[in-house]
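S.K.: Numbering-wise, my numbering comes out as the position in the sequence shown, counting from 1, plus 2.
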Amino acid sequence: MRREATLKKILFVDDEPKILEGLKRMLYPLRNEWQTAFATNGRQALQLLSESDYDVLVTDIRMPDMSGIELLQEVMEQFPHVVRLVLSGTTDQSITQCSATLAHHYLVKPCDSITLCATVEEAIRLREAAS
Numbered sequence: 003m004r005r006e007a008t009l010k011k012i013l014f015v016d017d018e019p020k021i022l023e024g025l026k027r028m029l030y031p032l033r034n035e036w037q038t039a040f041a042t043n044g045r046q047a048l049q050l051l052s053e054s055d056y057d058v059l060v061t062d063i064r065m066p067d068m069s070g071i072e073l074l075q076e077v078m079e080q081f082p083h084v085v086r087l088v089l090s091g092t093t094d095q096s097i098t099q100c101s102a103t104l105a106h107h108y109l110v111k112p113c114d115s116i117t118l119c120a121t122v123e124e125a126i127r128l129r130e131a132a133s
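1) Which of the three DSSP states, helix, strand or coil, is assigned to Y2?
2) For D55, which of V77, R127 and L22 has the nearest alpha-carbon?
3) For S96, is the classification buried or exposed, using 16 other Cβ atoms within 10 angstroms of its Cβ as the cut-off for buried?
4) With distances taken from CA atoms, which of I126, A132 and R64 is nearest T93?
5) With respect to the alpha helix (DSSP H) encompassing R86, which residues constitute its N-terminal and C-terminal limits?
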């Protein structure tokens with residue numbers, strides 16, 4: 003069996019290219035464990051999800067055109083097997099509460115690599131246990 007078959011597929015969505023670049027650098031040490039993809043908007047994320055089977059989606063909430071809330075709703079309906087995580091700088095109470103019904107976990111930016119990686123790994127373990 004090829005090594006790539008065991009890699010966990012994680013999709014990160016953020017409209018800020020610098021945030022995505024920072025995530026790429028932060029996650030580089032996990033390149034042998036995770037296959038990562040990056041989208042700059044919700045439509046691009048949905049396209050990637052329709053083309054490949056992802057384990058986890060990590061999205062920002064405040065994005066133009068399609069908000070993270072709208073993306074989470076679409077993913078929950080179209081790809082219910084995907085674990086949905088929020089990584090956002092917004093602390094707006096109503097947005098946070100709304101995303102709590104759509105996401106499995108909410109992380110606040112800035113988020114250190116240890117917390118992010120541990121949260122994604124735990125989400126993967128819970129998904130596998132439920133399967």
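Beta carbons are placed, not taken as given, at the ideal position from N, Cα and C, and that holds for glycine. Bear in mind the structure is a predicted one, so any value in this text is a computation, not a measurement.
M.R.: The relevant details are as follows:
1) With the chain represented from 3 up to 133, any question about residue 2 goes unanswered, as that position is not in the structure.
2) Checking every option, the nearest Cα to that of D55 belongs to V77.
3) Exposed is the call here.
4) Closest option to T93, judged by alpha-carbon separation, among I126, A132 and R64: R64.
5) Under the DSSP assignment, R86 falls outside any alpha helix (DSSP H), being part of the beta strand (DSSP E) whose first and last residues are V85 to S90.
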